[in-house]
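K.L.:
Have a look at the structure that comes next, please.
Residue numbers (our numbering): 108 to 309.
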């Protein structure tokens with residue numbers, strides 16, 4: 108937890124020391140709460156890594172996370188072609204089926220970017236806005252439908268800290284998997300804390 112504490116201290120200049128300590132205490136408390144309230148039968152949003160070069164539109168989806176589970180973070184997906192646009196626009200996006208889960212994103216939520224071409228997880232980012240639909244409809248514009256984004260489930264982002272990308276074998280063990288290589292894009296608080304820890308160690 109030491110490294111997570113130092114992660115939140117990065118924003119001291121902007122947030123103030125007391126706010127950072129408050130955030131850290133909140134994360135610890137929410138982490139315990141999330142574990143206590145986790146239902147036995149969870150329906151989750153997932154990503155199948157076995158389809159390395161598959162289009163983002165074809166990501167597997169098994170439904171939304173449970174309503175009473177606290178959202179700790181979120182993984183967005185890109186490839187070598189879309190990653191530069193993600194970072195240049197400071198905007199992350201996913202296909203339409205992810206609209207509801209992306210709408211649950213609030214400002215300050217930790218975000219990560221998974222490049223399925225390189226199989227690396229990039230971070231640390233945070234939400235600069237609430238998640239929404241077509242925040243920028245010109246981003247990843249659909250060539251067949253001008254003015255419409257192929258990835259309308261969007262959130263504005265800012266870089267919290269640039270860390271060395273995590274290789275797949277490093278971050279996979281901390282994520283909840285089901286049905287082989289699939290993992291959900293929505294992160295619980297404990298998963299988020301573990302990923303932040305890994306990023307701090309690189």
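In this text, a Cβ means the ideal position worked out from N, Cα and C, and glycines have one as well.
Note that the structure is predicted; figures quoted are calculated from it, not measured.
Relative to the alpha-carbon of residue 206, which residue among 187, 293, 232, 298 has its alpha-carbon at the smallest distance?
P.N.:
The residue with the shortest Cα to Cα distance from residue 206 is 293.
K.L.:
Residues in its own chain within less than 7 angstroms of residue 211 by CB, not counting five upstream and five downstream?
P.N.:
Counting only Cβ-Cβ distances below 7 angstroms, and skipping sequence neighbours, we find 178, 238.
K.L.:
Give me the Cα-Cα distance between residue 185 and residue 263, rounded to the nearest whole angstrom.
P.N.:
About 15 angstroms.
K.L.:
For residue 150, count neighbouring Cβ atoms within 10 angstroms of its own Cβ and tell me buried if that reaches 16, exposed if not.
P.N.:
Reliability of the predicted coordinates at residue 150 is poor, the pLDDT of 38 falling under 50, and the value obtained from them is presented with this limitation in mind. Looking at its Cβ environment, which holds fewer than 16 other Cβ atoms inside 10 Å, residue 150 is exposed.
K.L.:
Work out the CA separation of residue 218 and residue 270 for me, nearest whole Å.
P.N.:
Each residue's alpha carbon lies about 13 angstroms from the other.
K.L.:
Using only CA atoms, which one of 261, 198, 272, 213 lies nearest to residue 223?
P.N.:
Selected option, being the one with the closest Cα: 272.
K.L.:
Can you list, in chain order, the stretches of the alpha helix (DSSP H) that have 4 or more residues and sit fully within the stretch 272-308?
P.N.:
Here the runs fully enclosed are 275-278, 296-308.
K.L.:
For residue 256, which residues of its own chain have a beta-carbon under 8 angstroms away from its beta-carbon, when the five flanking residues on both sides are left out?
P.N.:
Hits under 8 angstroms: 200, 241, 243, 244, 245, 246, 247, 248, 249.
K.L.:
Please go through the stretch 201-263 and give each complete beta strand (DSSP E) segment of 3 or more residues, from N-terminal end onward.
P.N.:
For the stretch 201-263, whole beta strand (DSSP E) runs of length 3 or above, ordered along the chain, are 217-222, 227-234.
K.L.:
List the residues that DSSP assigns as beta-bridge partners of residue 198.
P.N.:
Bridge partners of residue 198: 263.
K.L.:
Can you grab the Cα-Cα spacing for the pair residue 277 / residue 307, in whole Å?
P.N.:
Near 13 angstroms, if we compare the C-alpha coordinates of residue 307 and residue 277.
K.L.:
Just mark residue 291 as buried or exposed, buried being the case when its beta carbon has 16 or more other beta carbons within 10 Å.
P.N.:
Buried, by the Cβ-count rule.
K.L.:
According to DSSP, is residue 167 part of a helix, a strand, or is it coil?
P.N.:
Bear in mind that the predicted position of residue 167 carries a pLDDT of just 37, short of 50, making it too unreliable to give a figure here.
K.L.:
Per the DSSP calculation, residue 184 is bridged to which residue(s)?
P.N.:
Looking at the DSSP assignment, residue 184 forms a beta bridge with 221.
K.L.:
Where residue 133 and residue 299 are concerned, what is the direct C-alpha to C-alpha distance, given to the nearest angstrom?
P.N.:
With a pLDDT of 44 at residue 133, under the threshold of 50, the modelled position of this residue cannot be trusted, and the question is left open.
K.L.:
Tell whether a beta-carbon distance below 8 angstroms holds between residue 214 and residue 236.
P.N.:
For residue 214 and residue 236, yes; Cβs fall inside 8 angstroms.
K.L.:
When the Cα atoms are used, what is the spatial distance from residue 203 to residue 260?
P.N.:
Cα to Cα, the separation comes out at about 6 angstroms.
K.L.:
Output yes or no for whether 8 angstroms exceeds the beta carbon distance between residue 258 and residue 220.
P.N.:
Their beta carbons are not under 8 angstroms apart, which means residue 258 does not touch residue 220 by this criterion.
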